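Structure first, commentary second.
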Amino acid sequence: MGLIILLVVGGIIGWLASMIMRTDGQQGIVLNVVVGIVGALLAGFIVTPLIGGAPITSGVISIQSILVSLLGAVVLLAIVNLVRRGSVR
21 MGLIILLVVG
31 GIIGWLASMI
41 MRTDGQQGIV
51 LNVVVGIVGA
61 LLAGFIVTPL
71 IGGAPITSGV
81 ISIQSILVSL
91 LGAVVLLAIV
101 NLVRRGSVR
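FYI, the numbering for the sequence shown is 21 to 109, going by our numbering.
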């Protein structure tokens, strides 16, 4: 059950991050889920220990964990855009 929740929340977070970074037309549902989950993992390992709380990958879904995961997904998309196009946007 935790894996299904992680996939659904990861997909929503990846979609929101792609809307913020204006890359939604370039990627599909699968890439949105991947970006959301990888962003959540990155944020869970890097940002969450700095600010406290539980990462979304632990199964705890709160506003703080969702916002941190969204931040991680946006940063991941910015890095991908920087490598791919030479600019963040």
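Each residue gets a CB set at the ideal place from its N, CA and C atoms; glycine is no exception.
Since the model is a prediction, treat every value here as computed from it, not as a measurement.
Since I believe residue j is in contact with residue i (beta carbons under 8 Å), could you give me their beta-carbon distance rounded to a whole number of angstroms?
| i | j | result |
| --- | --- | --- |
| residue 41 | residue 97 | 4 Å |
| residue 77 | residue 26 | 7 Å |
Buried or exposed: residue i, going by 16 or more other Cβ atoms within 10 Å of its Cβ?
| i | result |
| --- | --- |
| residue 85 | buried |
| residue 33 | buried |
| residue 82 | exposed |
By DSSP, does residue i sit in helix, in strand, or in coil?
| i | result |
| --- | --- |
| residue 75 | coil |
| residue 22 | helix |
Could you please give the first and the last residue of the uninterrupted alpha helix (DSSP H) stretch that includes residue i?
| i | result |
| --- | --- |
| residue 42 | Looking at the DSSP string, residue 42 is not in any alpha helix (DSSP H), and its letter there is neither H nor E. |
| residue 85 | 83 to 105 |
Which same chain residues end up closer than 7 Å to residue i when comparing Cβ atoms and leaving out the 5 residues on each side of it in sequence?
| i | result |
| --- | --- |
| residue 30 | 53, 56, 57, 60 |
| residue 92 | 59, 60, 62, 63, 67 |
Short of 6 Å in beta carbon distance, which residues of its chain neighbour residue i, apart from the five on each side in sequence? Order them along the chain.
| i | result |
| --- | --- |
| residue 79 | 22 |
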